[in-house]
Amino acid sequence: MIHDVVTELAKQAPIKQVCQALDISRSGYYAARRRVNTPKPICQDSVHAQAVFLASGRTYGSRRFECSPACPGP
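Next up, the structure:
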């Protein structure tokens, strides 16, 4: 990833110069660094959807989820 390159090059030059040379914004670099260290929360709906998808032999799409007995509607 380009932000890893910036981190490595920052050991030799200021981040401002590295970002200018690579034509990326400093704010984008710092935002990406912050995102990497933040774990994503686990959504129970996505866990259930993944389980139904795997149980279907990886063939169910979003339309078939609605009809699936493993995924009852409201």
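The opening residue of the sequence shown carries number 14 in the numbering used here; numbering runs sequentially from there. The beta-carbon is built from N, C-alpha and C at its ideal position, and this holds for glycine as well.
Which of helix, strand or coil DSSP assigns to residue i
i	result
SER38	coil
ILE15	helix
LYS29	helix
SER69	coil
ARG23	Position check: residue 23 holds Ala in this sequence, whereas Arg was assumed. Reduced to three states, the DSSP call for ALA23 is coil.
Classification of residue i by the beta-carbon crowding that lies within 10 angstroms, buried from 16 upward
i	result
VAL60	exposed
VAL19	buried
CYS56	exposed
Closest residue to residue i among the options (Cα-Cα distance)
i	options	result
LEU35	GLN63, THR72, VAL65, ASP17	ASP17
7 Å CB neighbourhood of residue i in its chain, flanking five on each side removed
i	result
CYS32	VAL19, SER38, ARG39, TYR42
Same chain only: Cβ atoms within 8 Å of residue i, ignoring 5 sequence neighbours per side
i	result
ILE15	LEU35, ILE37
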